[in-house]
Amino acid sequence: MTSSTVRLTPLQRLRDALVAVAVALSLWQAIVWLSGVPPFILPGPWRVAVTLADNIGLIADHALITIAEVLIGLVFGALLGAATALHLMISPAARRIALPIMVFSQAVPVFALAPLLTLWLGYGMASKIAMALLIIYFPVVSTFYDGLRRTDPGLLDLARTMGATPTRTLLHIRLPAGLPAFGSGLRLAAVYAPIGAVIGEWVGASQGLGYLMLLANGRAKTDLMFASLFVLAAFAVALYGLVSVATRRMASWSRESLDTF
Amino acid sequence: MSRVAAPALRLTGDFHHAGRPLFSGLDLPISAGGWTCLLGPSGVGKSTVLRLFAGLDTGGTFEGEISASDGAPVATRIAFMAQSDLLAPWLDVVGNVTLGARLRGEAPDLARARALIERVGLAGHVDKRPASLSGGMRQRVALARVLMEDRPIVLLDEPFAALDARTRAEMQELAFEVLEGRTVLLVTHDPAEAVRLGHHLFILSEEGLARVAAPASPPIRAVDAPETMEMQARLFRALRGRAA
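Protein chains in written order, with my numbering: chain A, 1 to 261; chain B, 1001 to 1244.
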C-alpha cells in the first residue's frame, strides 16, 4: 500500500529476468574458467546445456514422473487441507481435538517420515505423492483456517441480521472472505510440494528427477545432475508462477493477492 | 414498494459488562415510523443498545425487555447499517445489495435491486466492486441494501460519521427521504446530525438517559436554520455538561 515502486509491464519484467539470468550464467562460467575446477566438481553452464540437450529424453522421462507426483500431491493436499480448514471452522469438537494434534504433528520434521513412507507405500510414486501431500497439508490448513476465522465480524453481524443460517454464512461470507488466505496457502504449497516429492525420491526410488540426480551424483556425472536440477528448478518456478496467477485471479478483489509475486 | 406498518419499540432494563453495569434502569421508547436519535459520548452503551435491538452479540448480559408495539419479535424485522459500510469486497454493487436474499436461500429480485441502486443515485455503477467506489458511494450501496431488505425497523450506527461534511449532509437527506415511514433508531455522537434528523432526541450519558425536546419544525431540518443551530448548541452544552 505504501510502496512507491513503479509497476513494470510484463515485457519489462521478462527483460529484467533475462538480464538477471544472463548475469548469473556469466558469473558461473567465469568462476569455472578462472578457478580451473574439473567438470566433475563444477561443470560450466555451456557443458550443462549440452548434457541437457543430449539427455533430453532421459531427463524428460524422469521429470514427468516427478511432475506427476508433485501435481497429484498438490491437488490432493490442497483439497484435503481446504476440507480440514472448513471442518475446523464448522465443528468446535474438531477444533478441540484436531488442532492440538496438528500443531504437535508439525513438531515432527516431515523429512524424518520419508523413510517410513517408503517402507509403507513402497518405492513407487505413492510414497512421493504422500510426502508432497504431507508437506503442504499443514500450511494449507493453517492459512485457510486463519482466513476463515478472520472474516470481518461486522459482515458476520450483518449476515445474522439478514436471517442467514450458519451454513449459508460459511458459504457466502466466510468462504469468499477466506479465499485470499487460501491463495497464500496454495502459493506456499506450490513451493513445498516439489521439495516433498524430491526428498521422497532421494530416500528411495527407481525413477524421478530426485532419483536421477542421486544416480548422476554417484557416478560423478555432475553435468547430468546439474541438468536435472535445472529442469526441476524450471518446473518449480513455472508451477509457482501458474499457481500465483490462478490464485490472484481467484481473489482478484483482494489487495492481499494483488501485492504478491 | 411493499410497506409493513412500522411498530414502536421499547427497551427497558439493565446491562452488565464484565461485572460492571454499563447502564441500569434504562427505559428507551422509539416511536413508530419516525427517527429517534440516541446521542452520547463514546463508551456509554449507545451501540450496545442498538445491538440489543438487532439481537446481536454484545459481550455482556442484558436483563430486561425489548418489545414492539405490535407484539411481534424485533430482531427478525430490522435492517442494519454501520459506520463501516460492511460491503463484501468480492461482490459487485448488485451482488452486495442482493446479499440478504442469497443468505436466506431466496432468488434475488435483480430488477428491484437495480431500481433501488438507481434510487440511491448509483445507476451506472451496478457492476463495480466496493474498492472502486468512494466512501460516500459505498454508504449509498449500504443504504440500497437496507432498502432491499425492506424491513420496518432500521438501525443506524453512526453510518455517516466517516464521510466528509458535504457527502454527510447529502447522505442524511437521502437516507431521510428513502427511509420515510420506517421506525429508525440513529445512534450518533454528532449533535448536528441528531438535530437535523430526529423526531425524538435522547442523550445517553454515564448518568443515564435524558429526553431532549426536539425543535418544533419537523425533520429533516436545514443545517443552517437558526432553530437548528440553537438546538445544536444546547445539545452540545448538555453533552459537555454531562460528560464533565
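Using N, Cα and C, we set each Cβ at its ideal position, and we do this for glycine too.
Take residue i and list the residues in its own chain whose beta-carbon comes closer than 7 angstroms to its own, dropping the five residues that flank it on each side.
i	result
S206 of chain A	Y123
V231 of chain A	I59, A63, L209
E1173 of chain B	I1220
S3 of chain A	Caution applies to S3 of chain A, whose pLDDT of 48 falls short of 50 and renders its modelled position unreliable; the model cannot decide the point.
G1241 of chain B	none
A181 of chain A	T143, F144, D146, G147
A1169 of chain B	V1223
T1228 of chain B	V1195, R1196, P1215, R1221, A1222
If the cut is a Cβ gap below 8 angstroms, which residues of chain B does residue i touch?
i	result
S254 of chain A	P1089, W1090
To which residues of the same chain is residue i closer than 8 angstroms at the C-beta, ignoring the five residues directly before and after it?
i	result
G1071 of chain B	none
K1128 of chain B	D1092, V1093
H1199 of chain B	S1031, G1034, W1035, T1036, A1214, P1218, P1219
W46 of chain A	Q29
D1014 of chain B	P1021, F1023, S1024, G1025, L1026, F1062, E1063, G1064
G1121 of chain B	R1140, L1174
I288 of chain A	An answer regarding residue 288 of chain A cannot be provided, because it is not within the stretch 1 to 261 covered by chain A.
H1189 of chain B	L1039, G1040, P1041, S1042, K1046, E1158, A1161
F226 of chain A	P43, V48, T51
L179 of chain A	G147, M250, A251, S254
Grab me the residues of residue i's own chain with a C-beta within less than 6 angstroms of its C-beta, minus the 5 sequence neighbours each way, in chain order.
i	result
D81 of chain A	As written in the sequence, residue 81 of chain A is Gly, which differs from the Asp given in the question. Y137, V140, V141, listed in sequence order.
I1153 of chain B	R1077, I1078, T1183
G196 of chain A	M131, A132, I135
A159 of chain A	T169, I173
P1191 of chain B	Q1232, L1235, F1236
A1161 of chain B	Q1083
A1101 of chain B	P1108
A1210 of chain B	I1203
L1239 of chain B	none
V110 of chain A	L134, I135
G1045 of chain B	L1022, F1023
L40 of chain A	The amino acid occupying residue 40 of chain A in the given sequence is Phe; Leu does not appear at that position. Closer than 6 angstroms at the Cβ level, and outside the excluded window around F40 of chain A, lie A220, T222.
L1185 of chain B	I1030, T1036, L1155
So residue i and residue j are in contact, right, with Cβ under 8 angstroms, and what is the actual spacing, rounded?
i	j	result
L209 of chain A	A216 of chain A	Incorrect: roughly 10 angstroms between the Cβ atoms, too far for contact.
W1090 of chain B	P115 of chain A	About 44 angstroms separates the two Cβ atoms, so there is no contact after all.
D1157 of chain B	L1050 of chain B	5 angstroms
T1048 of chain B	L1022 of chain B	6 angstroms
V1097 of chain B	M1148 of chain B	5 angstroms
Determine the direct distance from the alpha carbon of residue j to that of residue i, and round the result to whole angstroms.
i	j	result
L242 of chain A	S228 of chain A	21 angstroms
A1018 of chain B	I1203 of chain B	24 angstroms
S105 of chain A	I135 of chain A	11 angstroms
L93 of chain A	M1137 of chain B	First, the amino acid is wrong: residue 93 of chain A is Ala here, not Leu. One C-alpha to the other measures close to 43 angstroms.
L1052 of chain B	T1058 of chain B	7 angstroms
A107 of chain A	L155 of chain A	36 angstroms
V1187 of chain B	A78 of chain A	45 angstroms
E1180 of chain B	A1006 of chain B	10 angstroms
L258 of chain A	A1131 of chain B	For L258 of chain A, the pLDDT reaches just 49, beneath the cut-off of 50, and the residue's location in the model is therefore unreliable, although a value from the coordinates is still provided. Rounded to whole angstroms, L258 of chain A to A1131 of chain B spans 13 angstroms at the Cα level.
L1143 of chain B	R1114 of chain B	13 angstroms
R1104 of chain B	I199 of chain A	49 angstroms
L34 of chain A	A112 of chain A	40 angstroms
L212 of chain A	M125 of chain A	14 angstroms
A24 of chain A	R7 of chain A	24 angstroms
L74 of chain A	M102 of chain A	19 angstroms
T87 of chain A	A1088 of chain B	Just to set this straight, residue 87 of chain A is His in the shown sequence, not Thr. The straight-line gap from Cα to Cα measures roughly 23 angstroms.
L171 of chain A	G44 of chain A	54 angstroms
A1123 of chain B	R1112 of chain B	13 angstroms
S1042 of chain B	E1206 of chain B	10 angstroms
D152 of chain A	K221 of chain A	56 angstroms
I72 of chain A	T1167 of chain B	54 angstroms
L186 of chain A	R249 of chain A	13 angstroms
H1016 of chain B	V1178 of chain B	36 angstroms
A1068 of chain B	M1171 of chain B	28 angstroms
G149 of chain A	L1155 of chain B	Residue 149 of chain A is actually Arg in this sequence, not Gly. Their backbone Cα atoms lie some 26 angstroms apart in a straight line.
T9 of chain A	T165 of chain A	45 angstroms
S127 of chain A	L1116 of chain B	58 angstroms
V70 of chain A	Q12 of chain A	31 angstroms
Could you list which residues in chain A have their beta carbon closer than 7 angstroms to that of residue i, in chain order?
i	result
S1084 of chain B	G154
G1105 of chain B	R168
G1100 of chain B	M162
T1076 of chain B	G163
In chain A, which residues lie less than 8 angstroms from residue i when you measure between Cβ atoms?
i	result
F1080 of chain B	D157, L158, T161
What does residue i touch in chain B if you count any residue whose Cβ is under 7 angstroms from its own?
i	result
A164 of chain A	L1103, R1104
### Task
Can you give me, in chain order, the residues of the region 1144-1173 of chain B that have a beta carbon less than 9 angstroms from any beta carbon in chain A?
Flagged, chain order: R1145, E1149, R1151, L1155.
### Message
Please identify, using Cβ separations under 8 angstroms, the residues of the region 168-195 of chain A that lie next to chain B, in order along the chain.
### Response
Here the close residues are R168, T169, H172, I173, P176, A177, L179.
### Query
Listed from N- to C-terminal order along the chain, which residues in the region 1125-1143 of chain B have their beta-carbon within a distance smaller than 7 angstroms of any beta-carbon of chain A?
Hits within the stretch, in order: R1129, A1131.
### Query
Relative to chain A, which residues along the region 1034-1064 of chain B have a C-beta separation below 7 angstroms, given in chain order?
Hits within the stretch, in order: A1054, L1056.
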